[in-house]
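Have a look at the structure below, then the notes.
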Amino acid sequence: MRSTRALLIWLIISVSAAEAFAQSSIRKIEKSGLQKLEQKDYAGAQADFEKVVQAQPTNAEAIIHRGECKVEQQDYTGAEADYTRALALQPQSVAALAYRGSARRLLEHYEAALTDFDAALALAPTHPVIFCNRGSTKFALGDTLGALRDFDRALELDPANMEARFNRGVVRLNAEQYAGVVEDMTYYLKVYPATADAYVGRSSAEFGLKQYAKALADINTALQLLPNQAENHLWKGFIEETLGHQQAADLAYQQALTLYGDTGRFYQVRGDWHDENHNRAGACRDWSQAAAAGSREAQATLAAKCH
Numbered sequence: 001m002r003s004t005r006a007l008l009i010w011l012i013i014s015v016s017a018a019e020a021f022a023q024s025s026i027r028k029i030e031k032s033g034l035q036k037l038e039q040k041d042y043a044g045a046q047a048d049f050e051k052v053v054q055a056q057p058t059n060a061e062a063i064i065h066r067g068e069c070k071v072e073q074q075d076y077t078g079a080e081a082d083y084t085r086a087l088a089l090q091p092q093s094v095a096a097l098a099y100r101g102s103a104r105r106l107l108e109h110y111e112a113a114l115t116d117f118d119a120a121l122a123l124a125p126t127h128p129v130i131f132c133n134r135g136s137t138k139f140a141l142g143d144t145l146g147a148l149r150d151f152d153r154a155l156e157l158d159p160a161n162m163e164a165r166f167n168r169g170v171v172r173l174n175a176e177q178y179a180g181v182v183e184d185m186t187y188y189l190k191v192y193p194a195t196a197d198a199y200v201g202r203s204s205a206e207f208g209l210k211q212y213a214k215a216l217a218d219i220n221t222a223l224q225l226l227p228n229q230a231e232n233h234l235w236k237g238f239i240e241e242t243l244g245h246q247q248a249a250d251l252a253y254q255q256a257l258t259l260y261g262d263t264g265r266f267y268q269v270r271g272d273w274h275d276e277n278h279n280r281a282g283a284c285r286d287w288s289q290a291a292a293a294g295s296r297e298a299q300a301t302l303a304a305k306c307h
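Each residue of the sequence shown is one higher than the one before, counting from 1 in the UniProt record's numbering.
Below is the structure:
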């Protein structure tokens, strides 16, 4: 009897020791995955989290981290599935809701993404990054005012959130709030002075404010940073033309046309810009050129706007 009891005790101890060893091994693998994730070794990190999830199918954190790895490798559908699985285990997980919202936004499932961000903010109402992501989603859905409110709130909570700062500038440009665009892009450029898109955004706002010399200076800086952007050369040409510098405008337009490699696209875009700036005659001339080059978009635009 004593020997049987001793054997049972020994077996229990052995099983407990084996379980402890297994748990320790899993923790090491999970730690390795986190380190690789931080080092941007996303494939290696995902492989580690796969092992953890295989051993611990209810480990929601490992499932969430695996989803992060998938997002970084553009597997947005796989990431969405992981976050959904994590939420089945932890329905109140702010991280899983916010991450699934981001994955859905990248999949352009904007309504579903908005639902996730709303749920996440109901649980974490002072999280600036979630406000920023919801703002981007609202903008994609055409809710400009809602997007601005979310970016405003993100910046109230975290004035150093540069993504919110830049995105608010983009939305303000869309809303023709030009002074606000200049404010946001100037702030952003103090932190990230080599960002061509910020100079382009500020240039567009300055043009809207009729500050044409400043607009030209900013687009020139953008072109120094990214010299092969066709639309930026086109924008430079448009500013030069507005300033009456026709020779400089023609040079910029020629460079844009060379970079586009598509005559129809070049004239379509320039026509759109003329139209946005209330030069319908110039727009129709450009759209005619685009249509002659075979642009179906230009043909439709001509039929709708030029008679």
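Just so it is clear, CB atoms sit at the ideal spot from N, CA and C, and this is done for glycine as well.
As the structure is a prediction and not an experimental result, all values here were calculated from the model.
Evaluate residue 68 with the Cβ neighbour count: other Cβ atoms within 10 Å of its Cβ, from every protein chain shown; 16 or more gives buried, anything less gives exposed.
Mapped onto the sequence shown, residue 68 falls at position 68. With 16 or more Cβ atoms within 10 Å of its Cβ, residue 68 is classed as buried.
Rounded to a whole number of angstroms, what is the C-alpha to C-alpha distance between residue 290 and residue 184?
Taking the first residue of the sequence shown as position 1, residue 290 is located at position 290. Taking the first residue of the sequence shown as position 1, residue 184 is located at position 184. Rounded to whole angstroms, residue 290 to residue 184 spans 35 Å at the Cα level.
Reference residue 266, options 156, 283 and 279, closest by Cα
Here residue 266 corresponds to residue number 266 of the sequence shown, with the count starting at 1. Among 156, 283 and 279, the Cα nearest to that of residue 266 belongs to 283.
Tell me which residues share the same chain as residue 223 and place their Cβ nearer than 6 Å to its Cβ, disregarding the 5 neighbours each side in the sequence.
Position 223 of the sequence shown holds residue 223. So the qualifying residues of the chain are 232.
Please classify residue 120: does DSSP put it in a helix, a strand, or coil?
Start at 1 with the first residue of the sequence shown, and residue 120 comes out as number 120. Of the three classes helix, strand and coil, the one that applies to residue 120 here is helix, per DSSP.
Please give the ranges of any alpha helix (DSSP H) in the segment 31-76, keeping only runs that are unbroken, at least 4 residues long and fully inside the region.
The segment 31-76 contains these whole alpha helix (DSSP H) runs: 42-55 and 60-72.
Use the C-beta contact count for residue 128: other C-beta atoms within 10 angstroms, 16 or more gives buried, fewer gives exposed.
Stepping through the sequence shown from its first residue, residue 128 is reached at position 128. Counting Cβ neighbours within 10 Å, residue 128 comes out buried, since at least 16 surround it.
Taking the straight line between their C-alpha atoms, what separation do you get for residue 35 and residue 64?
Your numbering for residue 35 matches position 35 in the sequence shown. Your numbering for residue 64 matches position 64 in the sequence shown. Counting only the Cα atoms, residue 64 lies some 15 Å from residue 35.
Using only alpha-carbon positions, find the residue among 276, 157 and 119 that is nearest to residue 95.
Residue 95 sits at position 95 when you count from the first residue of the sequence shown. Ranking 276, 157 and 119 by Cα distance to residue 95 puts 119 first.
Alpha carbons only, please: which of 203, 142 and 186 is nearest the one belonging to residue 111?
Mapped onto the sequence shown, residue 111 falls at position 111. With distances taken between Cα atoms, residue 111 lies closest to 142.
In whole angstroms, what is the alpha-carbon distance linking residue 254 and residue 84?
Here residue 254 is taken as the residue at index 254 of the sequence shown, counted from 1. Here residue 84 is taken as the residue at index 84 of the sequence shown, counted from 1. Using only the alpha carbons, I get a separation of about 51 Å.
Within the same chain, show all residues whose beta-carbon is closer than 6 Å to that of residue 271, passing over the 5 residues directly before and after it, in chain order.
The residue you call residue 271 lines up with position 271 of the sequence shown. Excluding sequence neighbours, residue 271 sits near 283, 286 and 287.
Whose CA, out of 199, 139 and 219, lies closest to the CA of residue 171?
Position 171 of the sequence shown holds residue 171. Residue 139 is the option with its Cα nearest to residue 171.
Out of 146, 150, 144 and 188, point me to the one whose CA is closest to residue 130's CA.
Taking the sequence shown and counting its residues from 1, one reaches residue 130 at position 130. Considering only alpha carbons, the answer is 150.
Distance, residue 199 Cα to residue 192 Cα:
Within the sequence shown, numbered from 1, the residue matching residue 192 stands at position 192. Within the sequence shown, numbered from 1, the residue matching residue 199 stands at position 199. Distance between the alpha carbons of residue 192 and residue 199: 11 Å.
By a C-beta neighbour count over all protein chains shown, 10 Å radius and 16 as the cutoff for buried, is residue 167 buried or exposed?
Start at 1 with the first residue of the sequence shown, and residue 167 comes out as number 167. That one is buried.
Ordered along the chain, which non-local residues of its own chain (more than five positions away) have a Cβ less than 7 Å from that of residue 21?
Within the sequence shown, the letter at position 21 stands for residue 21. Below a pLDDT of 50, predicted positions are generally treated as unreliable, and residue 21, at 43, falls in that range; the measurement from the model is reported next regardless. No residues qualify anywhere along the chain.
Three-state secondary structure assigned by DSSP to residue 309
Summary: the structure shown does not reach residue 309, with the chain confined to residues 1 through 307, and so no result is reported for it.
Residue closest to residue 117, alpha-carbon to alpha-carbon, out of 108, 137 and 107:
Reading the sequence shown from its first residue, position 117 is the one you call residue 117. Selected option, being the one with the closest Cα: 137.
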